[in-house]
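Asks: From first to last, the protein sequence lines are chains D and Y.
Residue numbering for the first sequence is 0 to 218, as defined by numbering that gives the first Met the number 0.
Residue numbering for the second sequence is 0 to 287, as defined by numbering that gives the first Met the number 0.
Note that beta-carbon positions come from the ideal geometry of N, C-alpha and C, so glycine has one too.
This one's a predicted model, so the numbers in the text were calculated from it and none came from an experiment.
The structure is given below, and queries will be raised subsequently.
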Amino acid sequence: MFPRSVRLATAAAATAIVLAGGVRAQAQSEVQAPDVLVKTVTLEVVDIIQKDKDIQKGDRKKVIALIEAKVLPHFNFQAMTSSAVGRNWDKASAEQKARLTDEFKTLLVRTYSSALASYSNQKSEFRPLRAKPSDTDVTVNVRVMQSGDQPMTIDYDMEKRPGGWKVWDVRVGGISLVANYRTEFDNQIRDNGVEGLIKTLYAKNNSPVQPSVAGAQKK
Amino acid sequence: MLRMARYFLFVLLLAGAAGCATTGGDSRDPAEGFNRAMYSFNDGFDEAIGKPVATAYRNALPSPIRSAVRNFFANIADLWIGANNLLQGKPADTVTDWARFAFNSSIGIFGLIDVASEIGLEKHDEDFGQTFGRWGVADGAYLVWPFLGSSNVRDTAGLIFDLGLDPVLQHEPVRVRNAMTILRATGKRADLLDASRILEEAALDKYVFQRDAYLQRRRSLIYDGSPPRAAREVPRAEASEPEPAAQAAAAAPQAVATIAVARPDPAAMEAAVRLLELPATSAASTGG
Numbered sequence: 000m001f002p003r004s005v006r007l008a009t010a011a012a013a014t015a016i017v018l019a020g021g022v023r024a025q026a027q028s029e030v031q032a033p034d035v036l037v038k039t040v041t042l043e044v045v046d047i048i049q050k051d052k053d054i055q056k057g058d059r060k061k062v063i064a065l066i067e068a069k070v071l072p073h074f075n076f077q078a079m080t081s082s083a084v085g086r087n088w089d090k091a092s093a094e095q096k097a098r099l100t101d102e103f104k105t106l107l108v109r110t111y112s113s114a115l116a117s118y119s120n121q122k123s124e125f126r127p128l129r130a131k132p133s134d135t136d137v138t139v140n141v142r143v144m145q146s147g148d149q150p151m152t153i154d155y156d157m158e159k160r161p162g163g164w165k166v167w168d169v170r171v172g173g174i175s176l177v178a179n180y181r182t183e184f185d186n187q188i189r190d191n192g193v194e195g196l197i198k199t200l201y202a203k204n205n206s207p208v209q210p211s212v213a214g215a216q217k218k
Numbered sequence: 000m001l002r003m004a005r006y007f008l009f010v011l012l013l014a015g016a017a018g019c020a021t022t023g024g025d026s027r028d029p030a031e032g033f034n035r036a037m038y039s040f041n042d043g044f045d046e047a048i049g050k051p052v053a054t055a056y057r058n059a060l061p062s063p064i065r066s067a068v069r070n071f072f073a074n075i076a077d078l079w080i081g082a083n084n085l086l087q088g089k090p091a092d093t094v095t096d097w098a099r100f101a102f103n104s105s106i107g108i109f110g111l112i113d114v115a116s117e118i119g120l121e122k123h124d125e126d127f128g129q130t131f132g133r134w135g136v137a138d139g140a141y142l143v144w145p146f147l148g149s150s151n152v153r154d155t156a157g158l159i160f161d162l163g164l165d166p167v168l169q170h171e172p173v174r175v176r177n178a179m180t181i182l183r184a185t186g187k188r189a190d191l192l193d194a195s196r197i198l199e200e201a202a203l204d205k206y207v208f209q210r211d212a213y214l215q216r217r218r219s220l221i222y223d224g225s226p227p228r229a230a231r232e233v234p235r236a237e238a239s240e241p242e243p244a245a246q247a248a249a250a251a252p253q254a255v256a257t258i259a260v261a262r263p264d265p266a267a268m269e270a271a272v273r274l275l276e277l278p279a280t281s282a283a284s285t286g287g
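Right under this line is the structure:
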């Protein structure tokens, strides 16, 4: 039988080791560089799509589930929504802000799943990040190669937050997703108020999805 | 034919200018009434003819054949892309573009295979509208043309050069020219089938969505993908619920930033009209 103090010391040491391990694991996930994060997630999603026959046939539910599991955790939807709503953001109540964010998120997921459905094995090139380690706001550049055309650029604007790096805007071929919604949201709020915008988004999100050309046409 | 088309464009431009007075709204789009009419005309044409033909094309031809068609026309385009890069003071890009043309026209069998991309000679996207933009010409008013779609005053001037100098549109005999033009347009539309479906899903108001995307895209292209950061910097409210007062303060400068986007400029409009006249005289003298 060990003396009580030794048992205690062992337990303490064990706890310390476990804690240290936990802290290190957490630190690692937090420290994962934004460009590494984008590359890892992109390659993982592409890999799943290439292996999944249902997704290739245009199974929207599965694509959406995939996005929700792998991609959404790395997006800051509230920042995206507030930026897209712009100067009208402070006109919305806290409850309206939450509903707006939710509807905008659904719309973006729908659109994104539609884009993924038409993905056809293009090669992506991941550019190393040109940023200082102290930077908290960076842009990660990805280029998608396409035959007979200039490579398409995808730029992720990312911000360092307590839970890791989060995307707050995506620019495809120089077109900012957030900026592109700003005029539409502005017009809606001008004509029908914040509530009108939420209603329009809700109606849009609950309309039937367009049949996927790629899905219908693939053998 | 070319002269008539130009006259048609000129009349439309005037109609567009006249439309300025009728609609108040976005300062970048003074001719919104006219543009929306053109947009719905184009949309109707696309629904009735463009999309069905492109879908049939896509379903009938296997992907490698469609790639060959795309590459063939992309190869021809590289000639003027190189010239535009030269006009924009980027001779190294010109060398790439013309080397691409040399490789693809020979080893790539008349441009059917894009071997140049395989060996690392990347394709560029340039046109006269971008060249004028690079020279400092402002966007001018946003414009939508029948069949040609989104444009603005500067890019319309550019388009006249693009079309006037297009080797495909110069090709003789006319029968071959027409066939090639239709094939090229069909292939382009087919390549955009996915994009247009995504647009349908993403947009609340397709007209506004497409207009803003066009303006953003052109700005990006003029700066070859990296426009000056200042203009795209967006003050955004923090996700962690800031004080309402702080939010209002943050929102105020943004309102100013939103309005300070390119305004239509009468001088640019006049320059465009003069540019419209230029190729008219040269084309008439060469008997085009």
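In whole angstroms, what separates the C-alpha of Y:A251 from that of D:W88?
Replies: Caution is warranted here: a pLDDT of 36 is assigned to Y:A251, below 50, making its placement in the model unreliable, and the coordinate value is therefore given only provisionally. Rounded to whole angstroms, Y:A251 to D:W88 spans 11 Å at the Cα level.
Asks: Cβ of Y:G128 within 8 Å of Cβ of Y:R153?
Replies: yes
Asks: Is the beta carbon of D:S112 less than 8 Å from the beta carbon of D:V62?
Replies: yes
Asks: Taking one C-beta from the region 57 to 71 of chain Y and one from the region 87 to 99 of chain Y each time, how about it: are there three or more such pairs within less than 8 Å?
Replies: no
Asks: Report buried or exposed for Y:R174, applying the criterion of at least 16 other Cβ atoms within 10 angstroms of its Cβ.
Replies: Counting C-beta atoms within 10 angstroms of its own C-beta, Y:R174 has fewer than 16 neighbours from the protein chains shown and is therefore classed as exposed.
Asks: Mind pulling the chain D residues with CB within less than 7 Å of Y:L162?
Replies: Within 7 Å Cβ-Cβ: nothing; Y:L162 doesn't reach chain D, min ~20 Å.
Asks: So, with DSSP's three-state summary, where would you put Y:L346?
Replies: As shown, chain Y starts at 0 and ends at 287. That puts residue 346 of chain Y outside it, with no answer to give.
Asks: Going straight from the alpha carbon of Y:N74 to that of D:Q31, what length do you get?
Replies: 42 Å
Asks: To the nearest angstrom, report how far apart D:V44 and D:R59 are at their CA atoms.
Replies: 15 Å
Asks: Answer with yes or no whether the minimum CB distance from Y:N41 to chain D is below 8 Å.
Replies: It does not: the Cβ of Y:N41 has no partner Cβ on chain D nearer than 8 Å.
Asks: From D:P150 to D:K165, what does the alpha carbon distance come to, in whole angstroms?
Replies: 25 Å
Asks: Taking DSSP as the reference, what is the three-state secondary structure of D:L128?
Replies: Reduced to three states, the DSSP call for D:L128 is coil.
Asks: From the DSSP secondary-structure annotation, give me the bridge partner or partners of D:R142.
Replies: D:E124 and D:T152
Asks: Residues of chain D with CB under 7 Å from Y:I197, in chain order?
Replies: T110, S113 and A114
Asks: Tell me the rounded alpha-carbon separation between Y:N83 and D:I48.
Replies: The straight-line gap separating the alpha-carbon atoms of Y:N83 and D:I48 is approximately 39 Å.
Asks: Taking all protein chains shown into account, decide if D:N120 is buried (16 or more other Cβ within 10 angstroms of its Cβ) or exposed.
Replies: exposed
Asks: Looking only at C-alpha atoms, which of Y:G107, Y:F146 and Y:L120 sits nearest to Y:V68?
Replies: Y:G107
Asks: On the three-state DSSP scale, how would you describe Y:R217?
Replies: helix
Asks: Residues of chain D with CB under 9 Å from Y:F208, in chain order?
Replies: N179, Y180, T182 and E183
Asks: Mapping the DSSP letters down to three states, classify D:Y111 as helix, strand or coil.
Replies: helix
Asks: D:R98: which of D:P207, D:L196 and D:V143 sits nearest, CA to CA?
Replies: D:L196
Asks: Please say whether D:L200 and D:E102 have beta carbons closer to each other than 8 Å?
Replies: yes
Asks: In its own chain, which residues sit with a C-beta less than 7 Å from the C-beta of Y:C19, not counting the 5 before and 5 after it?
Replies: Unreliable placement is indicated for Y:C19, whose pLDDT of 46 sits below 50; no coordinate value is reported for it.
Asks: Between which two residues does the alpha helix (DSSP H) containing Y:Y141 stretch?
Replies: Run containing Y:Y141: none in the alpha helix (DSSP H); it sits in the beta strand (DSSP E), Y141 to W144.
Asks: Return yes when the Cβ of D:A178 is within less than 8 Å of the Cβ of Y:Q215, no when it is not.
Replies: yes
Asks: Could you name the residues of chain D that Y:D204 contacts, counting a contact when the two beta carbons are closer than 9 Å?
Replies: T182, E183, N186 and Q187
Asks: Y:R216 CB to nearest chain D CB: under 8 Å?
Replies: Against chain D, the CB of Y:R216 has a partner CB under 8 Å away; the residue lies at that interface.
Asks: Cα-Cα, which of Y:R217, Y:S225 and Y:T54 is closest to Y:T130?
Replies: Y:R217
Asks: Distance, Cα to Cα, Y:S195 vs Y:L85?
Replies: In a straight line, the C-alpha of Y:S195 is about 33 Å away from that of Y:L85.
Asks: Taking Cβ positions only, does Y:K187 come closer than 8 Å to chain D?
Replies: No, because no Cβ of chain D sits closer than 8 Å to the Cβ of Y:K187.
Asks: Can you tell me where the alpha helix (DSSP H) with Y:A150 in it begins and where it stops?
Replies: Correcting the residue type first, residue 150 of chain Y is Ser in the shown sequence and not Ala. Not the alpha helix (DSSP H): Y:S150 falls in the beta strand (DSSP E), residues G148 to N151.
Asks: Rounded to whole angstroms, what's the CA-CA distance from Y:L111 to Y:G148? Just pull it up for me.
Replies: 28 Å
Asks: Under a CB-based cut-off of 8 Å, is Y:S150 close to chain D?
Replies: no
Asks: In this structure, does DSSP put D:S175 in helix, strand or coil?
Replies: Of the three classes helix, strand and coil, the one that applies to D:S175 here is strand, per DSSP.
Asks: Quick one: is Y:F109 buried, meaning 16 or more other Cβ sit within 10 Å of its Cβ, or exposed?
Replies: exposed
Asks: How many Å lie between Y:S66 and D:P33 at the Cα?
Replies: 34 Å
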